[in-house]
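For the record, the sequence lines run as chains B and A.
Just so we're aligned: 104 in the numbering used here is position 104 of the first sequence, and the numbers increase by one with no gaps anywhere.
Just so we're aligned: 232 in the numbering used here is position 71 of the second sequence, and the numbers increase by one with no gaps anywhere.
Number of protein chains: 2
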Amino acid sequence: METMTSTTSVISSQDLLAHWQGHRALTRRVIEAFPEKELVEFSIGGMRPFAQIVKELLALAAPGVKQIADGTVPQLDLEIAEAINKEMILALWDEATTAINQYWSMIPDERFQEKIMAFGAYEGTVISTVLYYIDNEIHHRGQGYVYLRALGVTPPDFYER
Amino acid sequence: METMTSTTSVISSQDLLAHWQGHRALTRRVIEAFPEKELVEFSIGGMRPFAQIVKELLALAAPGVKQIADGTVPQLDLEIAEAINKEMILALWDEATTAINQYWSMIPDERFQEKIMAFGAYEGTVISTVLYYIDNEIHHRGQGYVYLRALGVTPPDFYER
């Protein structure tokens, strides 16, 4: 029996990963663009400093993809070490980049249409969950752009990936 | 001969449209959340007021999808009427919502992998171009969230579509 899942692909799994990693490379440049102190301290309108926002992105990305790949339900770890600094954040970012690539390669194409309870709490399909992780990163990075502009720093070009 | 374009779909054309329109509904609520005057005047760090950002989103979305559907190369129209106000912006937004749905339904699945020169200037595949329009909206809307917080206005929930 033919099923609806076997239609022409609008985007392949590999292209979606490359798309996300392109965004992640840009987010890395945004982290780098912050002055050291302002990365962990500066905020506007009571929002979180960018370091804490990045910690959320780290908490979602690699653990989220691992769950999709092997079923491990992760805890949402938003704790941030007191001694956190730019170098540590960038190291965690690079670690996540490798982990995402590794776990992504274990995800069969069919899984993207399956249901998932992300982090044991958020119901959706795998594809809607992955798009949420990507969109959430773009959304919060957009906030980082305003922080940088407010600090007088020119952010990296959005269209450069 | 089997081609690589005929693999399992990670996301269907219809689901991608629904995903975008969900984001567009959220952007509409962000526009609505702005106080009338601040929508056209308020800015941080020399960035554009949100009304001008929205004008960019309007300039890209419906004309961009029309080009994909029927090949018409649009001009990037970033001009903003001097008398622009929230009601006019929301009316343009709703008009674009209808136009996007209409033109999207004319796009065959196979087209997403084709090359396109968006607005006669930006080279990419159709899918990378569509993702750019969506991502650019999320990015700029994230800036709008900071403007709202700086104005003391609680923005709509990001996860609500």
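We treat Cβ as the ideally placed atom computed from N, Cα and C, and that holds for glycine.
Residues of its chain near residue i, where Cβ-Cβ distance is below 7 Å and the 5 sequence neighbours each way are ignored
i	result
Ala-220 (chain A)	Leu-237, Asp-238, Leu-239
Ser-43 (chain B)	Pro-49
Trp-20 (chain B)	Ile-134
Ile-250 (chain A)	Ile-192, Ala-212, Val-215
Glu-38 (chain B)	Leu-151
Partners in chain B for residue i, counting only beta-carbon separations shorter than 7 Å
i	result
Arg-310 (chain A)	Ile-44, Gly-45, Gly-46, Met-47
Where residue i meets chain B, residues with beta-carbon distance less than 9 Å
i	result
Asp-231 (chain A)	In chain order: nothing, as chain B lies at least about 19 Å away.
Phe-369 (chain A)	Outside the modelled stretch of chain A, which goes from 162 to 322, sits residue 369 (chain A), for which no answer is possible.
Under 8 Å between C-beta atoms of residue i and residue j
i	j	result
Ile-268 (chain A)	Ala-230 (chain A)	yes
Tyr-133 (chain B)	Gly-64 (chain B)	yes
Lys-66 (chain B)	Tyr-103 (chain B)	yes
Val-171 (chain A)	Ile-127 (chain B)	yes
Val-201 (chain A)	Val-146 (chain B)	no
Val-234 (chain A)	Gly-285 (chain A)	no
Proximal chain B residues relative to residue i, where beta-carbon distance stays under 8 Å
i	result
Gln-304 (chain A)	Gly-142, Gln-143, Tyr-145, Val-146
Phe-195 (chain A)	Those do not exist, as Phe-195 (chain A) stays about 14 Å from chain B at its closest Cβ, beyond 8 Å.
Ile-288 (chain A)	Val-10, Ile-11, Asp-15
Supposed contact pair residue j and residue i - C-beta distance, whole angstroms, cut 8 Å
i	j	result
Gln-304 (chain A)	Ile-214 (chain A)	7 Å
Arg-302 (chain A)	Gly-45 (chain B)	Arg-302 (chain A) to Gly-45 (chain B), Cβ: 15 Å. No contact.
Ala-222 (chain A)	Ala-257 (chain A)	5 Å
Contacts around residue i, its chain only, beta-carbon distance under 8 Å, and the 5 residues preceding and following it disregarded
i	result
Gln-14 (chain B)	none
Leu-178 (chain A)	Ile-261, Asn-262, Trp-265
Asp-158 (chain B)	As written in the sequence, residue 158 (chain B) is Phe, which differs from the Asp given in the question. Answer for Phe-158 (chain B): Leu-26, Tyr-145, listed in chain order.
Trp-93 (chain B)	Arg-24, Thr-27, Arg-28, Ile-31, Val-54, Leu-58
Within chain A, the residues that residue i reaches when beta carbons sit closer than 8 Å
i	result
Phe-158 (chain B)	Asn-297, His-300
Other residues of its chain near residue i: CB distance less than 6 Å, five sequence neighbours each side excluded
i	result
Thr-129 (chain B)	Ile-116, Ala-118
Closer than 7 Å at the beta carbon, the chain A residues around residue i
i	result
Leu-131 (chain B)	His-180
Residue i CB to nearest heavy atom of the ligand ZN below 7 Å
i	result
Glu-160 (chain B)	Absence of the ligand ZN is noted for the structure shown, with no ligands found whatsoever.
For this session: Taking 8 Å as the threshold, find out whether the stretch 298-315 of chain A comes into contact with the stretch 184-202 of chain A through three or more Cβ pairs.
Result: yes
For this session: Take every Cβ of the stretch 172-189 of chain A, pair it with every Cβ of the stretch 291-304 of chain A, and state whether three or more of those distances are shorter than 8 Å.
Result: Verdict: yes, contact present.
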